[in-house]
Amino acid sequence: MHLAGLAPNLSDVTRVRLSLLTLVPLLIGCTSARARADEADRIAAVLQLRVGSIVADVGAGEGEWSEILARSVGPTGHVYATEVKSHLVEEIGERLRDASLTNFTTVEGDQERTGLPAECCDAILLRMVYHHFERPELMRADLWRALRPGGLIAMVDIVPQKNWRQLDNVPDRGGHGIPVDDLITELTASGLQLVEHLEDWNGEEDRYCLVFRKPST
Ligand SMILES: C[S@@+](CC[C@H](N)C(=O)[O-])C[C@H]1O[C@@H](n2cnc3c(N)ncnc32)[C@H](O)[C@@H]1O
Numbered sequence: 172m173h174l175a176g177l178a179p180n181l182s183d184v185t186r187v188r189l190s191l192l193t194l195v196p197l198l199i200g201c202t203s204a205r206a207r208a209d210e211a212d213r214i215a216a217v218l219q220l221r222v223g224s225i226v227a228d229v230g231a232g233e234g235e236w237s238e239i240l241a242r243s244v245g246p247t248g249h250v251y252a253t254e255v256k257s258h259l260v261e262e263i264g265e266r267l268r269d270a271s272l273t274n275f276t277t278v279e280g281d282q283e284r285t286g287l288p289a290e291c292c293d294a295i296l297l298r299m300v301y302h303h304f305e306r307p308e309l310m311r312a313d314l315w316r317a318l319r320p321g322g323l324i325a326m327v328d329i330v331p332q333k334n335w336r337q338l339d340n341v342p343d344r345g346g347h348g349i350p351v352d353d354l355i356t357e358l359t360a361s362g363l364q365l366v367e368h369l370e371d372w373n374g375e376e377d378r379y380c381l382v383f384r385k386p387s388t
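Structure below.
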């Protein structure tokens, strides 16, 4: 950017500051795009996604990861994007349609059910979602029902953060998040087998990813 031509009366120091103000957000944007792409690769690997896979993004938020998943599984695959907030269900649909994707279904769930069909999924992603569940025991049973035998669930989560906002109506786990051992205990008690425990997810020491398999019958 040639600020000298655009603003000839500015001092060199001011021009350098303005250039940095323009460049820093661009550099941060590139870094976060790179980090997102790296995480997307890791999620696809742990869930063993391939073209044609059927995957659910439970608690999809604004649909960023549903969009990434829909691209990775391709037109012969399918993504179920679930949310409890109806405005987010709408937004996710718009986002994926705007991205010219058609291989998805949006689903409005609640705190007791995902809304997913029985044994619909080869794989299920819960990214920063499990600790938001108000009735985790019911959600676990419903996740089990939605996963096909042999299917995988990846849970990206965080150890309890005392300084984050307190969530209403969730079990008290000492902060916003869930200790990794609690998550392992709860999921394995419901019959899932732990297949992978990845620490320092995204290079952040408080984040982790646990991968579970529903046993084949
Ligand atoms: C921290 S956000 C994570 C969003 C997204 N997974 C991501 O990684 O960007 C947690 C989301 O879980 C949703 N949520 C909470 N309880 C849920 C439930 N029982 N079923 C589905 N979604 C739920 C919330 O509405 C919220 O959008």
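Each number in this note's numbering comes from the position in the sequence shown (counting from 1) with 171 added on.
Yeah, the Cβ is synthetic: ideal placement off N, Cα and C, and Gly gets one too.
Note that the coordinates shown come from a computational prediction; the quantities given were computed from them, not determined experimentally.
For aspartate 269, the enclosing alpha helix (DSSP H) begins and ends at 257–269. Following the DSSP letters along the chain, one finds isoleucine 295 inside the beta strand (DSSP E) bounded by residues 292–298. According to DSSP, residue pairing for glutamate 238 in a beta bridge does not occur. Residues of the same chain with a CB within less than 7 Å of the CB of valine 300, apart from the 5 flanking positions on each side, are Val229 and Gly230 in chain order.
The region 288–307 makes contact with the region 210–223; the number of CB pairs closer than 8 Å reaches 3 or more. According to the DSSP assignment, leucine 323 belongs to the beta strand (DSSP E) that extends over 318–329.
Under DSSP, valine 382 takes part in a beta bridge, and its partners are Ala325 and Glu367. In this model, proline 288 and threonine 359 are separated by some 22 Å (Cα to Cα). By the criterion of at least three beta-carbon pairs nearer than 8 Å, the region 323–336 is not in contact with the region 257–266. Between the alpha carbons of valine 382 and asparagine 373 lies a gap of roughly 15 Å. With contacts defined by Cβ atoms closer than 8 Å, arginine 298 and valine 327 form a contacting pair. Of all alpha-carbon atoms in Ile214, His302 and Gly321, the one lying nearest the alpha-carbon of glycine 346 is that of His302. Of the residues assessed, tryptophan 236 falls on the buried side of the cut-off, its CB having 16 or more other CB atoms within 10 angstroms.
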